[in-house]
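Chains as they are written, first to last, in the UniProt record's numbering: chain L, 1 to 368; chain F, 1 to 368.
Read the structure below first, then the notes.
There are 2 protein chains.
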Amino acid sequence: MATKERSLENAIKTKLNEREAKEFNRIYYGREEHCELELKESTLTTCDKENIDVQAYKFYGATEEARKPRLTKIGLVQHSIVLPTDKPIKDQQEAIFQKVKNIIDIAASEGVQLLCLQETWSMPFFLCTQQKSPWISFTESAESGPSVMFLRKLAAKYDMVIISPILEIEEGVWWNTVVVIGESGNIIGKHRKNHLPSAPGSSCETPFYSPGNTGHPVFETKYGRIAINICYGRHHALNWLMFRLNNAEIVFNPCATLANFGEPFWHAEARNAAIANGYFTCCLNRVGKEHFIINTEDGDNVVDRSYFGSGYISAPDGTRTPSLSTVRDGLLITVVDLNLCRQTRDRWGFIMTSRLDDYAKELKEYVK
Amino acid sequence: MATKERSLENAIKTKLNEREAKEFNRIYYGREEHCELELKESTLTTCDKENIDVQAYKFYGATEEARKPRLTKIGLVQHSIVLPTDKPIKDQQEAIFQKVKNIIDIAASEGVQLLCLQETWSMPFFLCTQQKSPWISFTESAESGPSVMFLRKLAAKYDMVIISPILEIEEGVWWNTVVVIGESGNIIGKHRKNHLPSAPGSSCETPFYSPGNTGHPVFETKYGRIAINICYGRHHALNWLMFRLNNAEIVFNPCATLANFGEPFWHAEARNAAIANGYFTCCLNRVGKEHFIINTEDGDNVVDRSYFGSGYISAPDGTRTPSLSTVRDGLLITVVDLNLCRQTRDRWGFIMTSRLDDYAKELKEYVK
Chain L
1 MATKERSLEN AIKTKLNERE AKEFNRIYYG REEHCELELK ESTLTTCDKE NIDVQAYKFY
61 GATEEARKPR LTKIGLVQHS IVLPTDKPIK DQQEAIFQKV KNIIDIAASE GVQLLCLQET
121 WSMPFFLCTQ QKSPWISFTE SAESGPSVMF LRKLAAKYDM VIISPILEIE EGVWWNTVVV
181 IGESGNIIGK HRKNHLPSAP GSSCETPFYS PGNTGHPVFE TKYGRIAINI CYGRHHALNW
241 LMFRLNNAEI VFNPCATLAN FGEPFWHAEA RNAAIANGYF TCCLNRVGKE HFIINTEDGD
301 NVVDRSYFGS GYISAPDGTR TPSLSTVRDG LLITVVDLNL CRQTRDRWGF IMTSRLDDYA
361 KELKEYVK
Chain F
1 MATKERSLEN AIKTKLNERE AKEFNRIYYG REEHCELELK ESTLTTCDKE NIDVQAYKFY
61 GATEEARKPR LTKIGLVQHS IVLPTDKPIK DQQEAIFQKV KNIIDIAASE GVQLLCLQET
121 WSMPFFLCTQ QKSPWISFTE SAESGPSVMF LRKLAAKYDM VIISPILEIE EGVWWNTVVV
181 IGESGNIIGK HRKNHLPSAP GSSCETPFYS PGNTGHPVFE TKYGRIAINI CYGRHHALNW
241 LMFRLNNAEI VFNPCATLAN FGEPFWHAEA RNAAIANGYF TCCLNRVGKE HFIINTEDGD
301 NVVDRSYFGS GYISAPDGTR TPSLSTVRDG LLITVVDLNL CRQTRDRWGF IMTSRLDDYA
361 KELKEYVK
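This is the structure in structure tokens:
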């Protein structure tokens, strides 16, 4: 049942008459109608019972003579942690697995083909404690760690490609990594976070891992050419651009972003990236409150974190879906026609007019 | 008198209670209150009489120990053409001068120091006719053309820096140029549009002039370090970035953008650029309807264009003003504290974490 929560969507919902709502939607979402997809009765019942915000939309392209529509059904999942952060790590993780499995089951029953989880989905975002112990037990191998093995089974079971943001450990070194798991449970590849928050304070990630060393890979999957721009990388226009130049059609942006930093411009950044680069962007964020007690020599410190969810999908033509809930678990299902990428790029010509050779020279000069 | 017009602002205004409006504002404008500036009674009376949408806001920074606030009062002007487009060109221009002078007089009386006019402000945006004749009479010298000389006088009179987008002609070659006029009526410099719309149809500008050859200059003025990203350049992240790397504090984005192309993402692009680059962005757009009759060998063609105004200012911290009217002439006055640029850049660290040396290499590889 939708609880009354703070959000832009709730602030305007029911307040506007039909004409006003259309005008609001035309500007804010880029189209007058949301183009909702119908969901199964079983989905609605389960989500209602489990207090999961489920929403479903579509972005269709124009009909082409030479190509059929290339439809892909995307699912974005946001979920809060389950157990207190001082419980045994195994138990915390098992409880999250159970919750996420439930949501993936629902997504599968709706035919989702390409599913993305939030940043470091299988743990609390403990980095804010600025401590490595005892959290190191959450790090894992990108090929065979517990959360990866858990998802490999589900991917194979459901013929689904799953994008899984983890904390990777390789030869004792940590990385903020996303693993792309193929529809037969295979590992298609991985990508490491390119840009790390480095401001003083609890959001600093540089004590934990280095900026990624995997460049800007685009992964060929059964359901489209995808890339992942992890969290803070969304502030970096060149990060988005390189994924475009490497031919991505969908770029996922799994995040752990706090309301007091990023919420007001959450709705500008990924949407702007979709427009500028002519691909779909799928941004999703952690949700819920996380409470940490940190034992120090001087006594206990408390760190409280609150994430605002609000995942949405933007199409290359600048249209976007509404956002998921700011406080509840959520599943955003969206059918996209990948042909819309080339159609929009052809119409607007942003790459043709981008003068990249000039910029390559200018940047080279600048960094000298 | 504010007429009832279509706009997102009007769709929500008066519909939300105080709590809802605050929540809407927090997300949509980045702050709960608009922080309005009081205007003179004479300004309100004149603007009411002349049907000019006048709005005024402020963006204050934090207090610093070593630096005083560096306040600059910016004015953005949007205005429709006055005479039909088949009248003598001299008369059309003279009528626009008169209208714009009136608005600049108001801005001066409010103490505006840095004023920007819309793209090709002194003429109808005739490029949509895809004809050069008779419109060549609107082109002019960037140093001594009629619109430049007109503004040089006003700049000197009012101790104002004026940013004037014109069509420049130099040795018979056209350019889409912005002239920066100093507060003593001097010419500080000029910049030529870097990225030209090149899609087939009436929006194509490549038959008229070439992409700019002035790079990414930042102009030191009495009122701050400014740059100009002309119209279509706002779709290009690297264009915004180079102005940042060259140390701009305010980037103006004067436009001639049509509702059926750019209106829905107008509100994402310049705001996103402010966030990503840590400077103020000031986007402004032509407004009103323009009607052209084109004589061809096969008879007369008619071209109708409609611009949506909607200028706004974004601060580096992601907050923004409401938009000017979508249909009326307008003057947006905003006081900004330039110290907010460094304050935000320091807090967020986007440039420190930008890995530009890597991108310089990657781009060089790509363009090979």
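Glycine residues also receive a C-beta, built at the ideal position from the N, C-alpha and C atoms.
Please report the Cβ distance between residue i and residue j, rounded to the nearest whole angstrom; I am assuming they are in contact, meaning their Cβ atoms lie under 8 Å.
{"i": "ARG305(F)", "j": "LEU258(F)", "result": "7 Å"}
{"i": "ALA142(L)", "j": "THR177(L)", "result": "5 Å"}
{"i": "LEU154(L)", "j": "ILE162(L)", "result": "7 Å"}
{"i": "ILE74(F)", "j": "VAL336(F)", "result": "6 Å"}
{"i": "PRO264(L)", "j": "ILE313(F)", "result": "Actually they do not touch by this definition, with Cβ atoms about 15 Å apart."}
{"i": "ASN285(F)", "j": "GLN131(F)", "result": "Rounded, the Cβ-Cβ distance is 23 Å, inconsistent with contact."}
{"i": "GLU168(L)", "j": "GLU140(L)", "result": "7 Å"}
{"i": "ARG67(F)", "j": "THR326(F)", "result": "38 Å between Cβ atoms; not a contact."}
{"i": "LEU356(F)", "j": "TYR366(L)", "result": "7 Å"}
{"i": "GLY349(F)", "j": "GLY330(F)", "result": "Their Cβ separation, rounded to whole angstroms, is 36 Å, which puts GLY349(F) and GLY330(F) out of contact at 8 Å."}
{"i": "THR120(L)", "j": "ILE181(L)", "result": "The pair is not a contact, with the Cβ atoms about 16 Å apart (cut-off 8 Å)."}
{"i": "SER203(L)", "j": "CYS128(L)", "result": "7 Å"}
{"i": "ALA256(F)", "j": "PHE126(F)", "result": "The Cβ separation is near 11 Å, so there is no contact."}
Near residue i, what residues of its chain come up, given a Cβ to Cβ distance below 6 Å and the 5 sequence neighbours on each side ignored?
{"i": "GLY318(F)", "result": "GLY30 and ILE275"}
{"i": "THR3(F)", "result": "With a pLDDT of 49 at THR3(F), under the threshold of 50, the modelled position of this residue cannot be trusted; read the value that follows with caution. Nothing listed; no residue qualifies."}
{"i": "LYS190(F)", "result": "ALA142, THR177 and VAL179"}
{"i": "ALA56(L)", "result": "LEU37, LEU39 and ILE333"}
{"i": "LYS58(L)", "result": "CYS35, LEU37 and VAL335"}
{"i": "SER137(F)", "result": "ILE89"}
{"i": "ASN301(F)", "result": "ILE294"}
Have a look at residue i and residue j and give me their C-alpha separation to the nearest angstrom.
{"i": "residue 387(L)", "j": "GLU36(F)", "result": "Here chain L has residues from 1 to 368 only, and residue 387(L) is not among them."}
{"i": "LEU44(L)", "j": "GLY233(L)", "result": "34 Å"}
{"i": "ARG225(F)", "j": "ALA248(F)", "result": "5 Å"}
{"i": "GLU18(L)", "j": "ALA11(F)", "result": "10 Å"}
{"i": "LEU363(L)", "j": "THR214(L)", "result": "21 Å"}
{"i": "GLU9(F)", "j": "ILE103(F)", "result": "23 Å"}
{"i": "VAL54(L)", "j": "PRO322(L)", "result": "11 Å"}
{"i": "ARG70(F)", "j": "THR221(F)", "result": "13 Å"}
{"i": "CYS47(F)", "j": "SER147(F)", "result": "23 Å"}
{"i": "CYS282(L)", "j": "TRP135(L)", "result": "28 Å"}
{"i": "HIS267(L)", "j": "TRP266(F)", "result": "13 Å"}
{"i": "GLU269(L)", "j": "ALA270(F)", "result": "11 Å"}
{"i": "VAL303(L)", "j": "GLY111(L)", "result": "39 Å"}
{"i": "LYS90(F)", "j": "HIS235(F)", "result": "34 Å"}
{"i": "GLN118(F)", "j": "TYR209(F)", "result": "18 Å"}
{"i": "TYR223(L)", "j": "LEU114(L)", "result": "7 Å"}
{"i": "GLY109(F)", "j": "GLU183(F)", "result": "Before going on, a small fix: residue 109(F) reads as Ser here, not Gly. Going by the C-alpha atoms only, they are around 15 Å apart."}
{"i": "PRO207(L)", "j": "GLU41(L)", "result": "47 Å"}
{"i": "THR344(F)", "j": "ALA199(L)", "result": "11 Å"}
{"i": "ASP298(L)", "j": "HIS291(L)", "result": "19 Å"}
I want to check one thing, is the minimum distance from the CB of residue i to the heavy atoms of the ligand NAD below 7 Å?
{"i": "ASP48(F)", "result": "Absence of the ligand NAD from the depicted structure is noted, as is the absence of any ligand whatsoever, leaving it without description."}
For residue i, which residues from the same chain have a beta carbon less than 8 Å from its beta carbon, with the 5 sequence-adjacent residues on both sides left out?
{"i": "VAL82(L)", "result": "GLN92, ALA95, ILE96, GLN98 and LYS99"}
{"i": "PHE243(F)", "result": "HIS216, VAL218, ALA227, ASN229, VAL251, ASN277 and TYR279"}
{"i": "MET1(L)", "result": "In this prediction, MET1(L) scores a pLDDT of 38, lower than 50, which makes its location untrustworthy; the coordinate-derived value is nonetheless stated afterwards. Closer than 8 Å at Cβ, skipping near neighbours: ASP48 and ASN51."}
Applying a beta-carbon distance threshold of less than 8 Å, which residues of chain L neighbour residue i?
{"i": "PRO211(F)", "result": "THR353 and ARG355"}
{"i": "VAL178(F)", "result": "What VAL178(F) touches in chain L: nothing, since even the nearest Cβ is about 18 Å away."}
{"i": "GLY309(F)", "result": "Within 8 Å Cβ-Cβ: nothing; GLY309(F) doesn't reach chain L, min ~13 Å."}
Since residue i meets chain F, which of its residues come closer than 9 Å, beta carbon to beta carbon?
{"i": "TRP348(L)", "result": "PRO197, ALA199, HIS235 and PHE261"}
{"i": "residue 372(L)", "result": "Absent from the model: residue 372(L). The displayed extent of chain L is 1 to 368, so no value can be given."}
{"i": "LEU245(L)", "result": "GLU362, LEU363 and TYR366"}
Taking the alpha helix (DSSP H) that residue i belongs to, which residues open and close that run?
{"i": "PRO200(L)", "result": "Counting along the chain, PRO200(L) falls outside any alpha helix (DSSP H), and DSSP gives it neither H nor E."}
{"i": "ASN239(L)", "result": "237-245"}
{"i": "VAL100(F)", "result": "89-109"}
{"i": "ASP358(L)", "result": "356-367"}
{"i": "ALA268(F)", "result": "259-277"}
{"i": "SER7(F)", "result": "Counting along the chain, SER7(F) falls outside any alpha helix (DSSP H), and DSSP gives it neither H nor E."}
{"i": "GLU249(L)", "result": "From DSSP, GLU249(L) is part of no alpha helix (DSSP H); its letter is neither H nor E."}
What does residue i reach in chain F if we use C-beta pairs closer than 7 Å?
{"i": "LYS364(L)", "result": "ALA360 and LYS364"}
{"i": "TYR28(L)", "result": "LEU8"}
Name, please, each residue of chain L whose Cβ falls closer than 9 Å to the Cβ of residue i.
{"i": "ARG271(F)", "result": "PHE265, ALA268 and ASN272"}
Which residues mark the beginning and the end of the beta strand (DSSP E) in which residue i is found?
{"i": "SER164(L)", "result": "161-170"}
So which residues on chain B does residue i lean against when the C-beta distance must stay under 8 Å?
{"i": "ILE12(F)", "result": "Here the protein chains are L and F, and chain B is not one of them."}
In its own chain, which residues sit with a C-beta less than 7 Å from the C-beta of residue i, not counting the 5 before and 5 after it?
{"i": "ASP159(L)", "result": "GLU183"}
Going along chain L, which residues have a C-beta under 7 Å from residue i?
{"i": "GLY318(F)", "result": "PRO264 and PHE265"}
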